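Here's the structure we're looking at; comments come further down.
In UniProt numbering, the protein residues as written are 1 to 322.
Written as structure tokens, this is what we have:
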């Protein structure tokens, strides 16, 4: 069945402790990821008031002068922390950069003796906006917790132990990305094919997207039709990324999506969006699960670690030199 809108689920059902509600959530989540690849989730732990405040902080930063923003652009780390300037990222397979700028917050450092910390650049935050750090870190930790619960449900759907992903995502290389799709003041001067975000799949395991400030997100359905997606204020939109697609041999589908340019009369307006990209540790083995490979569904991906796959994609996106 082809869906015209994404299914809505409540994470509270999975966390309820009631076997029936939990089992139904697992099956409904799996079915959504098998068909359209996106689901709208409530019960994720972010209040509407907090979300509004976070968006306000992000907007303040992006409205500041380019000269200030660029002081938080860090050379040599492939855009993994801090500010990434306008037209720096190009979707895989496209020649024209996306019409956006963004800011990356990574895993807050913990003194727990984990060897993984040596791999991650330190976070950087704009000193001019102290709430930016406080609220982006809180959003990061809240969405990471929700993401871990969703991965438990995904593990059960795949008939794996519920805690299959736990050790693989502990102190994982996840990223909170605050995005500003800046106003297009002279639409006629845009290069051909320039859009806010060209069609792409996400790199990671799953993405949790807080409701954006404006319309524009579209999902490619299996029949080739683009479906517009808008989350309700109390929902986050969750989709499968390429790493989970690889692990499950395309049983759970990384959905192609894009952000289209607004109608001409709205070209001069900004759009803000804050996705949380849930990544595992770099050593996670993305070799297809044996249970997802059969004579009917032969293995389609080469064996690779999450770190090697991320490196490959950062080069393809133009954020890292080969």
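Every residue gets a Cβ at the ideal spot worked out from N, C-alpha and C, and that includes glycine. None of the values given here were measured: they were computed from a predicted structure.
How would you label residue i, buried or exposed, when you count the other beta carbons within 10 angstroms and need 16 or more for buried?
i: residue 84; result: buried
i: residue 99; result: buried
i: residue 257; result: buried
i: residue 11; result: buried
i: residue 128; result: exposed
i: residue 330; result: A query on residue 330 cannot be resolved here, the shown segment of the chain reaching from 1 to 322 and no further.
i: residue 248; result: buried
i: residue 271; result: buried
i: residue 146; result: buried
i: residue 262; result: buried
i: residue 306; result: buried
i: residue 315; result: exposed
i: residue 284; result: buried
i: residue 222; result: exposed
i: residue 251; result: buried
i: residue 126; result: buried
i: residue 1; result: Low confidence applies to residue 1: its pLDDT is 48, below 50, so where it sits in the model is not reliable, and the reading given next is rough at best. It counts as exposed.
i: residue 302; result: exposed
i: residue 313; result: buried
i: residue 101; result: buried
i: residue 91; result: buried
i: residue 201; result: buried
i: residue 216; result: buried
i: residue 82; result: buried
When you compare each of the options to residue i by their alpha carbons, which one comes out closest?
i: residue 117; options: 107, 314, 150; result: 107
i: residue 167; options: 131, 126, 152; result: 152
i: residue 268; options: 187, 286, 312, 252; result: 187
i: residue 122; options: 161, 148, 103, 80; result: 80
i: residue 87; options: 112, 282, 184, 202; result: 184
i: residue 50; options: 139, 309, 13; result: 139
i: residue 43; options: 14, 165, 223; result: 14
i: residue 119; options: 313, 308, 316, 134; result: 308
i: residue 317; options: 163, 89, 5; result: 89
i: residue 233; options: 22, 38, 52, 25; result: 52
i: residue 203; options: 310, 169, 5, 75; result: 310
i: residue 6; options: 265, 76, 46, 227; result: 227
i: residue 143; options: 163, 288, 47, 225; result: 47
i: residue 289; options: 224, 165, 182, 189; result: 165
i: residue 8; options: 18, 175, 25, 94; result: 25
i: residue 175; options: 18, 34, 103; result: 103
i: residue 75; options: 111, 64, 113, 124; result: 124
i: residue 277; options: 292, 148, 193, 265; result: 148
i: residue 135; options: 264, 190, 54, 19; result: 54
Under the assumption that residue i contacts residue j (Cβ atoms under 8 Å), give the Cβ distance between them as a whole number of angstroms.
i: residue 36; j: residue 195; result: About 21 Å; that fails the 8 Å criterion.
i: residue 273; j: residue 179; result: 5 Å
i: residue 40; j: residue 197; result: In fact, because the Cβ distance is near 19 Å, the residues do not count as touching under 8 Å.
i: residue 280; j: residue 205; result: 6 Å
i: residue 282; j: residue 173; result: 6 Å
i: residue 137; j: residue 96; result: Contact doesn't hold; Cβ gap of about 34 Å is too wide.
i: residue 181; j: residue 260; result: No, residue 181 and residue 260 are not in contact; Cβ-Cβ is about 10 Å, not under 8 Å.
i: residue 171; j: residue 110; result: 7 Å
Taking 7 Å as the cut-off, does the CB of residue i come closer than this to any heavy atom belonging to the ligand COA?
i: residue 225; result: With respect to the ligand COA, the structure offers nothing, as it holds no ligand at all.
Does the region 195 to 210 touch the region 231 to 242, meaning 3 or more C-beta pairs lie closer than 8 Å? yes
I want to know whether the region 21 to 29 touches the region 148 to 166 - three or more CB-CB distances under 8 Å. yes
Would the region 59 to 74 and the region 241 to 253 be scored as touching if the rule is three or more Cβ pairs under 8 Å? no
Would you list, in sequence order, the uninterrupted beta strand (DSSP E) runs of no fewer than 3 residues that lie entirely inside the region 59 to 118? 82 to 84, 101 to 105
Would you mind listing the alpha helix (DSSP H) stretches within the UniProt domain "Fe2OG dioxygenase" (171 to 280) that are 4+ residues and don't spill past its ends, in chain order? 242 to 247
Count the CB pairs spanning the region 46 to 59 and the region 293 to 300 that are closer than 8 Å, and state whether there are at least three. no
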